[in-house]
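S.K.:
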Amino acid sequence: MIRLAWRNLQRNKSRTWLTAGGIGFSVLLVSFAMSMQSGSYEIMIDSATRYFSGHGQVSDASYIDQPRFERTVPNATALQAELETIDGLSVMPRVQAFAVVSMGEKSLGGMAMGVDFAAETRFLDIYDNVIEGQIPRASDEALIGSSMARNLGARVGDELIVLGSGKQGAVAAAIFIIAGIVETGQVELDRTLVFAPIAGVAEAFYLQDEAHMLLLMVENLSQLGAIGAQIETKLTGPLALQTWQELMPMIEQSIELDKAGAQLFYSLLLILVVFAVVNTFVMVLFERTREFGLFMALGMRPWQVIGQVQFEALLLSLLGIGLGLALALPLINYLSAVGIPLEYMGGEEAARQMQMGSFDRLFPKATLASLLTAPMVMIVGTQLAALVSTVRVRGIHPVSALRVE
Amino acid sequence: MSDNTASDTPVVYCQDVQRIYQQESVPVYALRGANLTITAGEFVSLAGPSGSGKSTLLNVIGGLDGFDAGEVTVGGTSLGALNASELAQMRLEKVGFVFQAYNLIPVLSARENVEFILQLQGVSSQERQERANSALQSLGLGDLGDRRPGELSGGQQQRVAIARAIVTEPVLLLADEPTANLDSKTTSELLEVLQQLNQQQGMTIVTATHDPIVMSYTSRQVAMMDGEIHQDSAMAS
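Chain order of the listed sequences is A and B. Start counting at 1 in the first sequence, then tack on 3, and there's your number in this note's numbering. Start counting at 1 in the second sequence, then tack on 222, and there's your number in this note's numbering.
Here it is in structure tokens:
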């Protein structure tokens, strides 16, 4: 059966190669495009989460919708230590408080954010955008947004007064020396943020061993689900975990939207190829009616004849898929190592549209889905396409078929 | 080969067989109550002009075509009660076919063509090869087994077709104008092959023809006219 099917495919070599080539091209195109998508999504998510918000956050559940100052994570140090026992997870506490930020006679509304600079600079990219000065090293130093610095007329080395409402309504006040100015490119952050060491901010706002959130970073984003499940088991009381999907729903929505658009394109391409296969097998039936009549005269049942042709369709699709993957795999493998410079895709504009932050290259990523989707669709599509034609074998009468010239 | 020596056991039994085709709502009687009994070991020619019904009767006997009235039994199996699938099985097990146009599978070698029908029967690979080689050898094609039909002469292709027909050891070999596409020399050679099969192995053979040379090789001549058995040498004797 295999031999007969293979030799039948060789009867009209040019037609076989054209059809297999069409299947192969569609497999190459879809596999490569899906790998590009996977790579770009990974970079998009990584870039967005690494910038400021992390892969996840633990906070008081009520703080998520109404971030009131009192709604803190108690015993933050102990919880941080416990969470850091999970493999591949890093935890960074943050406190944040609305405050009036003053310098001289100028005052602005802002957000005092107490962070662990040593830890956050290892994981987050926002600190790469310091345009003046440096990351604070002392507990009374601060890093402020570029718009805030401009609006206050502040420069590195100037003193900044932060006034706010501490725990239980107490007046909170602190003086920080501007160690650096950061320009994130995001208006809201540049206009309002004052980053200062967490100890200084916590003390000024009368927080004990508390944090408003524990920022989470995982080594491998694909492990976030499993790690998240472990985190959940360690959370008690009103504490809740939010992953990046909940923190930045727009990212996931834009990915889903992009996927839907791409799937429409892939579907159209695959449907076109399937129509080409239908044409091939209509011709096969037309050309080999006499032979099918012979098969049936010799004692083959119609379903056996159909099975034979379906097997030929399977071989044809496997040939095309083999061709497509033989081209796609090395290409994806090579480009996943060296990357595709974004300048070829529209440079900074492309990066901005793809929310890729500072990344200048796109690395395709082969996944099971990207490599198997097109082949599976082509196998099923080819089988259905062949069946559309070969089902007519049931209507062949051996005597009439054997008279066909 | 099975021991199909001449006896009175009917291999083919046709009683009042009618076959009616509808051509634009007009009934055309291809067979009008044909009666024919063929016993094991006979070599029968069905002769007659075009439209006499000889090919139709051959097709009905072979289970390739149905019939509208009467009774047809082949190798003890009544065909009227069989559905399409059972007819296919009957053809596979009991009947060997040789066609005018050889009808070999062009992409398979001579040996593979002969093996093909054994594969349909579910015979193991090794046994298939042995039996196919043996059948080809017996027809003088031992050295040509690897050639494809396109590389063989008409006579050689028809021998391969005969090898394919007999390799399953059928109770009946049906040949529809098997020499129509052959020259006279090759025709004689092929008829000698069929005669040897009949005489040496007791193969029951029925051939449709309008060639007097073919009829001269057969042991019984049945003439058909207008869908009926017009003359039967067995009856005459």
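Here a beta-carbon is modelled for each residue, glycine too, at the ideal position from N, C-alpha and C.
Under a three-way DSSP split, which group does K368(A) fall into?
M.R.: The answer is coil: DSSP assigns K368(A) none of H, G, I, E or B.
S.K.: First and last residue of the beta strand (DSSP E) that includes P232(B)?
M.R.: It spans P232 to Q245 - the beta strand (DSSP E) in which P232(B) sits, taken as one unbroken run.
S.K.: Which bits of chain A does A354(B) rub up against, with CB to CB less than 7 Å?
M.R.: The premise fails here: A354(B) is roughly 14 Å from chain A at the closest Cβ pair, so nothing lies under 7 Å.
S.K.: Using CA coordinates, which residue listed in A214(A), E85(A), G27(A) and I324(A) is at the minimum distance from P96(A)?
M.R.: For the residues A214(A), E85(A), G27(A) and I324(A), the minimum Cα distance to P96(A) belongs to A214(A).
S.K.: Exposed or buried, what is E373(B) when buried is set at 16 or more other beta-carbons lying within 10 Å of its beta-carbon?
M.R.: Label assigned to E373(B): exposed.
S.K.: With 7 Å as the threshold, decide whether the Cβ of A387(B) is near any Cβ in chain A.
M.R.: Judged by the 7 Å Cβ criterion, A387(B) is not in contact with chain A.
S.K.: Which class does M286(A) belong to by DSSP, given the choice of helix, strand or coil?
M.R.: In the structure shown, M286(A) sits in a helix (DSSP, three-state: H, G or I).
S.K.: Taking the continuous alpha helix (DSSP H) assigned at F35(A), which residues delimit it?
M.R.: Here the alpha helix (DSSP H) through F35(A) covers K16 to A51.
S.K.: Under 7 Å, Cβ to Cβ, is there at least one residue of chain A near F289(B)?
M.R.: With 7 Å as the cut-off, F289(B) does not count as an interface residue toward chain A.
S.K.: DSSP three-state label for R158(A), please.
M.R.: R158(A): coil per DSSP, three-state reduction.
S.K.: At what residues does the alpha helix (DSSP H) containing L412(B) begin and finish?
M.R.: Unbroken alpha helix (DSSP H) run through L412(B): S406 to Q423.
S.K.: Check the Cβ of A263(A) against every Cβ in chain B and list those closer than 7 Å, keeping chain order.
M.R.: Result: empty, since nearest Cβ-Cβ is about 45 Å, beyond 7 Å.
S.K.: Where do the ends of the alpha helix (DSSP H) carrying T124(A) lie?
M.R.: Segment F120 to F126, the alpha helix (DSSP H) holding T124(A).
S.K.: How about R10(A): is its C-beta nearer than 7 Å to some C-beta of chain B?
M.R.: Taking Cβ atoms only, chain B reaches closer than 7 Å to R10(A), which makes this a yes.
S.K.: On the DSSP bridge list, what partners appear for Q99(A)?
M.R.: DSSP lists M116(A) as partners of Q99(A).
S.K.: Return the CA-CA distance between G255(B) and D290(B), expressed in angstroms with no decimal places.
M.R.: Going from the Cα of G255(B) to the Cα of D290(B) covers about 10 Å.
S.K.: Looking at chain A, which residues of the segment 309-326 of chain B have a Cβ within less than 7 Å of any of its Cβ atoms?
M.R.: Going along the segment 309-326 of chain B in chain order, one finds A310, Q311, R313, L314, F319, F321 and N325 with a Cβ nearer than 7 Å to chain A.
S.K.: May I ask you to list, following chain order, the residues of the segment 303-314 of chain A that have a beta carbon less than 7 Å from some beta carbon of chain E?
M.R.: Reference to chain E is not applicable here, since the protein chains of this structure are A and B.
S.K.: According to DSSP, is G318(B) helix, strand or coil?
M.R.: Reduced to three states, the DSSP call for G318(B) is strand.
S.K.: By the three-class DSSP mapping on this structure, what secondary structure does S360(B) have?
M.R.: DSSP places S360(B) in helix when its eight states are reduced to three.
S.K.: Just tell me which of I309(A), L319(A) and L297(A) has its CA closest to the CA of I339(B).
M.R.: When each option's Cα is compared against that of I339(B), the closest is L297(A).
S.K.: If I'm right that G384(A) touches G27(A) with Cβ under 8 Å, what's the distance once you round it to whole angstroms?
M.R.: Their Cβ separation, rounded to whole angstroms, is 14 Å, which puts G384(A) and G27(A) out of contact at 8 Å.
S.K.: Is F265(B) helix, strand or coil by DSSP?
M.R.: Here F265(B) sits in strand by DSSP.
S.K.: Based on Cα-Cα distance, which residue from N325(B), Y251(B), G298(B) and V428(B) lies nearest to D238(B)?
M.R.: Closest by alpha carbon: Y251(B).
S.K.: For chain B, check one thing: does any of its Cβ atoms lie closer than 7 Å to the Cβ of L3(A)?
M.R.: Because chain A is modelled from 4 through 408, residue 3(A) falls outside the range shown and cannot be assessed.
S.K.: Hey, quick one: how far does the alpha helix (DSSP H) through F314(A) stretch, first residue to last?
M.R.: Where F314(A) is concerned, the enclosing alpha helix (DSSP H) stretches over P305 to V341.
S.K.: Pull up the DSSP beta-bridge partners for P200(A), would you.
M.R.: Bridge partners of P200(A): V118(A).
S.K.: Indicate the three-state DSSP secondary structure (helix, strand or coil) for A228(B) in the structure shown.
M.R.: Its pLDDT being 46, under 50, A228(B) is placed unreliably by the model, and nothing is read from it.
S.K.: Tell me the DSSP bridge mates of R254(B)?
M.R.: DSSP, once it has assigned bridges, lists Q240(B) as partnering R254(B).
S.K.: What residues are listed by DSSP as bridge partners for I388(B)?
M.R.: For I388(B), which the question treats as bridged, DSSP gives no partner whatsoever.
S.K.: Can you give the Cα-Cα distance for E108(A) and M151(A), rounded to whole angstroms?
M.R.: Near 14 Å, if we compare the C-alpha coordinates of M151(A) and E108(A).
S.K.: Sort out for me which residues DSSP pairs R442(B) with in a bridge.
M.R.: For R442(B), which the question treats as bridged, DSSP gives the partners V266(B).
S.K.: Identify the continuous beta strand (DSSP E) that holds G284(B) and give its terminal residues.
M.R.: Premise fails: G284(B) is in no beta strand (DSSP E) and is neither H nor E.
S.K.: At 4 residues or longer, what runs of the alpha helix (DSSP H) sit wholly inside the segment 167-223 of chain A?
M.R.: DSSP runs (the alpha helix (DSSP H)) wholly in the segment 167-223 of chain A: 190-195 and 201-207.
S.K.: Residues of chain B with CB closer than 7 Å to the CB of L297(A), please, in chain order.
M.R.: Those within 7 Å of L297(A) in chain B are N325.
S.K.: Would a check of beta-carbon distances place V402(A) closer than 7 Å to chain B?
M.R.: Interface residue, yes.
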